[in-house]
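This report refers to the structure that appears directly beneath it.
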Amino acid sequence: MPLPASPSTRALARELGVNLAQVKGSGPGGRITPDDVRNHIRVLSEQAMLQAQAAEKQDAYGEVQHQNISSLRRKIGEAMSQSWSTIPMVTQFDEADITELEALRKRHSSTIKEQGGGLTITVFVVKAVVAALKEFPQFNASLESSGQSLLLKKYYNIGVAVDTEAGLIVPVLHHADRKSIKELALLLPALAKKTRERKTSLDELQGATFTISNLGGIGGTAFTPIVNPPEVAIMGVSRSQMKPIWNGSEFTARLIMPFGITYDHRVIDGADAARFARRIAELLENPDSLFLNA
Amino acid sequence: MTDPNVFEHVDVAVIGGGPGGYTAAFRCADLGMNVAVIDDSPTLGGVCLNRGCIPSKALLNVARIVHEADEASHWGLKMGPPEIVLDELLTWKNRIVSELVGGIGQLCNSRNVKQITGRAIFIDSKTIRLEKSHIGRLNVDRCIIATGSLPIIPKPFQIKSDKVWDSTDALNVPLIPERLLVIGGGYIGLELGTVYSALGSKVTTVELAPTVLPGVDQDLVGFVQRKCERYFHELRLNTKVAALEDTGKEVMVTLENSDGSKETLPFDRVLIAIGRSPNSRGLGLENTKVEMDEKGFIKVNKQQRTSDPNLWAIGDVVGQPMLAHKASREGQVAAEDLAGHSVSFDNSAIPAVVFTDPELATCGITEQYAKANNIAVQVARFPWAASGRAKTLDRADGVTKIIFDPDTSRVLGVGIVGPHAGELIAEGVLAVEMAALASDLAGTIHAHPTLSETVMESAEQFFGPSTHMYRKQTRK
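The structure is reproduced here in structure tokens:
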């Protein structure tokens, strides 16, 4: 059957060396328009250019190698650029003494493990963050597009960044306030595994009101995470270390967890950020309070 | 007298000056090439102009008037059957032909296209020997072969008799026979049958197939067949002609029916119109790299190139459909290819018109074709009984039919039967070429009161009832 293209479109395709059978028609009834033909060439020549670049092994200074960037990485890149260029960000650094919390964690960790979960410091951090967000609602909000008002969220969906082979993906713990520590300890590892296997649904990746990124397992002392719009704040956790802390009369060895809160300065001030960070530290330093406030 | 010592050179030689040949030659000249047209007749125009399309349409016009004179008595116009003055008719027909031929000649002169009369035979791809010409030999860089076709006269009918006609003889109208047998119910047979029955002959048409115009959808053929049955003396289908014998007084024809029974009937003249074959023999093509298929058609690609790098071919000699307009389009493609332009014969639809009364015209796919190839289609019909214009012509014997893709509503084919179908089909061809949708045709304003509205309402029928034709079934 003849292709749905007018004689002038066919002539154009012939002139430009385009095989009409490969062109998808955007016109009514699938008609192939002259623009479809031209776009097809654009797509083909971009592909050809990429392929040609990939084939180059040298530049002016020496040997090079081309590596393809996955579509996920490109999407992350675009999102990061957009965030960086539109949000005035500041990171408030603080530390939490988690010596008691770590002891608590160790006491219950094998029980949770038997049940198929993983009781990590991150689970406690999620709980502390939720409690703090309840007291500082402006950190659990979005700036409305008019810029004139803040949309305070009355639900608490905590995104937890997961490092996968393809890049950083953030699955979401929906209504984390309604989940017990045990429930979170069962849910979070499963969610992380699902994320690494790229099996998460779209729902599981959407709707976060606040994000936590814990790089402590890998190492490092501090980093400045980038706010993930439409959220207005993000918490970055680095490696906990034993440090000598002055308790008023002497130095004692305490387990210190460094963290930072990056916030959208259009919405949140330095003082509030400092208070928020302090509150999280307080909650983590007094695990009993997590029990009271959770 | 051919002088073998006279040589000439041209860049491009077009062999055959019919509609394909002269169109190609003119396009080549317009694109700046040095061209010669070679035809064994001093008058250009080929079969179409001299012994085909043009003379037959002139005569068919007369047939139409004869029919209308008859119909007019219903309208309060009493004319009585017209008197046919044969030599005046022929003078008029011949004048039309000679004026058009003259016109082609003038167009050649304006464009500096050299006209060579003679029979061209290839010595090799770049050398042509001319017979019956004042030039002995022509050296050419490239050639376009447009030698057309010849009427098929099967061996058993090749009796040496001036009472057995081919279409050329019939169009010369040497006389109006009392009893004419037309062998073949295709478009040529029906058109010539229409002419002769209007001129006063008792026409008997025999056709091997169960229907006239095989290959055309039956719902359209029906209108033509019914009229032919009225105008002709007899229309015999499923009938074979077993033998012809010229007794001196008349031709005795033995007809064989589908049940095997035979009967022998006398006729004054017998017209053989069973088809045409490509004129590819006797041209010296064996001295070139040109390849032909088993039927004698020259094999060409979409740029009209043959297997020989110096030779192109167009028109009836390369294949079906054997129509002048197909030949002209191929002629343009060949000329553009010779000029180095990017070109291809990729038309989606070639119209075909049968100039009987009523006319029948089709383009694109037929219902028959769709069925045979398992192509899902939706067909919408608008009967001319519902057309105001058809009523003013007193010609409700017509229908406009459009074949659509059921999912996209794209127009895939159009079939029209009724007076002026040949003119109306042009919109259908454009619709198919442009991949128009039902809504494009239905949404375009067609002048009222004209027959073209039947095309618009037919398209409306794709969706449900149209203004002048109600039917219950609707589609979202």
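Chains P and S are the protein sequences, given in the same order.
Reminder that position 194 of the first sequence reads as 194 in our numbering, one-by-one numbering, no gaps.
To convert a position in the second sequence, counted from 1, into our numbering, add 294.
Beta carbons: idealized from backbone N, C-alpha and C, even for Gly.
DSSP-derived helix/strand/coil call for residue i
| i | result |
| --- | --- |
| Asn668/S | coil |
| Ile212/P | strand |
| Val18/P | coil |
| Gln597/S | coil |
| Gly236/P | strand |
| Gly442/S | coil |
| Tyr263/P | strand |
| Lys372/S | coil |
| Ala132/P | helix |
| Asn466/S | helix |
| Gln241/P | strand |
| Gly658/S | strand |
| Ala141/P | strand |
| Leu432/S | strand |
| Gly707/S | strand |
| Gln67/P | coil |
| Ser83/P | helix |
| Gly29/P | helix |
| Phe451/S | helix |
| Gly314/S | helix |
Where residue i falls, given that 16 or more other Cβ within 10 Å makes a residue buried
| i | result |
| --- | --- |
| Arg689/S | buried |
| Glu501/S | buried |
| Ala52/P | exposed |
| Ala103/P | exposed |
| Gln92/P | buried |
| His174/P | buried |
| Phe416/S | buried |
| His619/S | buried |
| Trp678/S | buried |
| Ile268/P | buried |
| Tyr764/S | exposed |
Cβ shell of residue i (< 7 Å), same chain only, five flanking positions each side left out
| i | result |
| --- | --- |
| Ala185/P | Ile112, Gly117, Gly118, Leu119 and Val123 |
| Val360/S | Pro376 and Ala492 |
| Gly311/S | Val331, Asp333, Leu338, Gly339 and Gly340 |
| Pro189/P | Gly117 and Gly118 |
| Asp349/S | Going by the sequence as given, residue 349/S is Pro instead of Asp. Contacts found: Lys387, Val391 and Leu465. |
| Ile41/P | Leu16 and Val18 |
| Pro4/P | Gly25, Gly29, Gly30, Arg31 and Ile32 |
CB contact check: residue i to chain P, cutoff 8 Å
| i | result |
| --- | --- |
| Met750/S | no |
| Thr421/S | no |
| Thr702/S | yes |
Same chain, Cβ closer than 8 Å to residue i, five either side skipped, listed in chain order
| i | result |
| --- | --- |
| Glu585/S | Ile592, Lys593, Thr600 and Ser601 |
| Ile453/S | Leu538, Glu539 and Asp540 |
| Pro171/P | Gly159, Val160, Val162, Leu191, Ala192, Lys194, Thr195, Thr200, Glu204 and Leu205 |
| Ala503/S | Gly479, Leu531 and Asn532 |
| Glu95/P | Ile256, Met257, Pro258, Phe259 and Ala281 |
Under 7 Å from the C-beta of residue i: neighbouring residues of chain S
| i | result |
| --- | --- |
| Ala5/P | Ala729 |
| Pro2/P | Ser642 |
Closer than 7 Å at the beta carbon, the chain P residues around residue i
| i | result |
| --- | --- |
| Ser636/S | Arg14 and Glu15 |
Neighbour flag for residue i against chain S, beta carbons, 8 Å
| i | result |
| --- | --- |
| Gly30/P | yes |
| Arg38/P | no |
| Arg10/P | yes |
| Thr33/P | no |
Contacts around residue i, its chain only, beta-carbon distance under 6 Å, and the 5 residues preceding and following it disregarded
| i | result |
| --- | --- |
| Ala330/S | Val304, Ala307, Lys408 and Ile410 |
| Ala607/S | Ile439, Ile592, Val594 and Thr600 |
| Leu475/S | Thr498, Val547, Phe561 and Val564 |
| Phe223/P | Gly236 |
| Val458/S | Val564 |
| Glu302/S | Ile429 and Leu432 |
| Ala274/P | Gln92 |
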